[in-house]
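Worksheet for the structure shown next.
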Amino acid sequence: MRTTFAPMEGITIYCYRNAHHKIFGEGIDYYYTPFLSVYKHHAIKKRDMREILKENNLEKGVKIIPQIMTNKADEIIWALRELKSLGYDEINLNMGCPVGTVVSKDKGSGMLREPDRLYEIFSEVFEDEITEQVKFTVKTRLGLSDPHEFENILPVLNKFPFDEVIIHPRVRTQMYKGTPDMEVFRWAYENSKNPVGYNGNIFTVDDYKKIVEEFPDLEEIMIGRGLVSNPALAREILTGKEINIEEIKEFMDELQVRYKDEIFSDDSIMHKMKEIWFYVGNLLEKKDGTEADTYIHKIRTSKNVSEYRNAVRTVYKECRIKNSL
Ligand SMILES: Cc1cc2nc3c(=O)[nH]c(=O)nc-3n(C[C@H](O)[C@H](O)[C@H](O)COP(=O)(O)O)c2cc1C
19 MRTTFAPMEG
29 ITIYCYRNAH
39 HKIFGEGIDY
49 YYTPFLSVYK
59 HHAIKKRDMR
69 EILKENNLEK
79 GVKIIPQIMT
89 NKADEIIWAL
99 RELKSLGYDE
109 INLNMGCPVG
119 TVVSKDKGSG
129 MLREPDRLYE
139 IFSEVFEDEI
149 TEQVKFTVKT
159 RLGLSDPHEF
169 ENILPVLNKF
179 PFDEVIIHPR
189 VRTQMYKGTP
199 DMEVFRWAYE
209 NSKNPVGYNG
219 NIFTVDDYKK
229 IVEEFPDLEE
239 IMIGRGLVSN
249 PALAREILTG
259 KEINIEEIKE
269 FMDELQVRYK
279 DEIFSDDSIM
289 HKMKEIWFYV
299 GNLLEKKDGT
309 EADTYIHKIR
319 TSKNVSEYRN
329 AVRTVYKECR
339 IKNSL
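With the sequence shown counted from 1, adding 18 to any position gets you the numbering used here.
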C-alpha cells in the first residue's frame with residue numbers, strides 16, 4: 019500500500035513538493051502534481067508544463083505522478099503519449115474537481131454526470147496502445163449530488179483495465195465539507211474490478227490506521243489537507259517520529275526560498291506563505307497551552323513583508339506543537 023501526497027492546485031506546486039520532499043519526504047511514496055489542463059489543440063499550459071519539467075523535479079528521490087484534466091479521449095491519449103515521452107510512466111485523470119467553472123464544462127467531477135459518455139470516452143482511450151505502455155489511473159468522487167450515483171459509475175470503470183481507481187468518497191456538492199460516505203466507499207472497495215485507492219479526511223496517524231484496518235487491500239492512501247497541515251504526517255505514520263517547531267521553521271524557510279524559482283515578487287511569495295500558514299497554524303498552541311489563533315491571525319493579516327516577518331518570529335518564539343510539554 020503506497021502513501022501519496024494528493025494533488026492540490028496552488029499548493030502542491032513543484033516548489034512546495036521539493037521543499038516538502040527535502041525535509042519531510044520520509045513516508046511519501048509519490049507526489050501528484052496539481053491538475054494540468056490539456057488544451058484542445060494538444061498542448062499543456064506553459065505554467066503547468068513547469069510542474070512536470072524534469073529540471074523542476076530533481077530533488078533527490080522525489081517521485082511524481084502528473085494529473086491531467088480533460089474530458090476528451092483524443093486529449094487524454096495525446097497527454098499520455100506526451101507525458102510518457104517526458105519520462106513519466108504513470109498518469110492520473112481528474113474526475114473529482116468540484117469547481118463550478120470546471121464542472122460546467124463537464125470536466126473534473128462534471129465527467130460523472132453521464133456514465134454512458136464516460137463509457138464512450140474510455141472505450142476510445144483504451145483502444146489506444148499507449149494504455150499498455152503507461153499506468154493510467156483515475157481520481158474520482160462518488161457523483162455530483164448523490165453518493166449512490168456511484169452505483170452507475172463503478173460498473174463503467176470496471177469495464178476498463180485502470181491501474182487504479184482512487185476514490186474521494188464525497189459528492190461534488192459537498193466540495194470539501196461534510197463526511198466521506200464510507201458505506202458507499204465500502205461497496206466500491208468490494209465491487210471494484212480494479213485496484214482501489216482511498217482519499218479523504220486523513221488528518222492523524224489514527225485516521226490512517228483506521229482506514230488500513232478497515233480496508234487492508236487498498237492500493238494507496240492519498241492524503242491532502244492533513245499533510246499540508248502537518249507536513250510530517252507521513253513520517254509519523256511510518257516511523258512514529260512527531261514534528262517539532264524547529265522543523266516547521268526549517269520547512270517554512272526552505273519553502274520561502276524555493277518559491278523564488280516560480281514567484282518573482284516578495285509580496286506574492288508572502289501571500290503564498292500565508293496560505294500555507296492557514297493550514298500549518300492548526301498544529302500550534304501558545305506555550306501556556308492556550309490557542310495560538312491570534313498569532314496566526316497576525317501572520318495572515320500582515321500587510322507587508324516586514325509585518326509578516328515579525329508575526330512569524332513571534333510564532334516561533336511563543337508557540338509550540340499542540341499537546342507537547
Ligand atoms: C486547495 C485545494 C486544491 C485542490 N486541487 C486539486 C487538484 O488539482 N486535483 C485534484 O484531483 N484534487 C484537488 N484537490 C482535492 C484534494 O486532492 C483531495 O481530494 C481533497 O482535499 C480531499 O482529501 P483530504 O481530505 O486528504 O484533503 C484540492 C483540494 C484543495 C483543498
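Just so it is clear, CB atoms sit at the ideal spot from N, CA and C, and this is done for glycine as well.
Residue i vs residue j beta-carbon contact at 8 Å
i	j	result
I148	A91	no
I261	I239	no
T22	I41	no
P114	G126	First, the amino acid is wrong: residue 114 is Gly here, not Pro. Yes, the pair counts as a contact, with Cβ atoms nearer than the cut-off.
E93	H39	no
V189	D224	no
L111	L162	no
K292	E336	no
R68	N74	yes
Y48	A24	no
L71	I62	no
E108	I83	yes
V333	L302	yes
M19	V230	yes
V174	P133	yes
L251	I241	yes
P187	P198	yes
D146	N89	no
Where residue i falls: helix, strand or coil (DSSP)
i	result
P198	coil
P173	helix
E237	coil
Y207	helix
I31	coil
V117	coil
K335	helix
V214	strand
A91	helix
K157	strand
I109	strand
A310	coil
K316	helix
P52	strand
E150	helix
A250	coil
L302	strand
T222	coil
E232	helix
E182	strand
A24	coil
V323	helix
P187	coil
I46	coil
I261	coil
I82	strand
I281	coil
Proximity test, residue i beta-carbon vs ligand 2 heavy atom, cut-off 7 Å
i	result
W205	Ligands displayed in this structure: ligand 1; ligand 2 is not among them.
Beta-carbon separation (whole angstroms), residue i vs residue j, contact threshold 8 Å
i	j	result
D181	K153	4 Å
F168	V202	6 Å
L273	A37	4 Å
N217	I171	N217 to I171, Cβ: 16 Å. No contact.
I29	V56	That belief does not hold up - the Cβ atoms of I29 and V56 are roughly 21 Å apart, past 8 Å.
W295	I281	Incorrect: roughly 16 Å between the Cβ atoms, too far for contact.
E27	P52	4 Å
Y297	S247	4 Å
Beta carbon shell of ligand 1 at less than 7 Å from a heavy atom: A24, P25, M26, E27, G28, I29, P52, F53, Q85, N112, G114, C115, K157, H186, Y194, N217, G218, N219, I220, M240, I241, G242, R243 and G244
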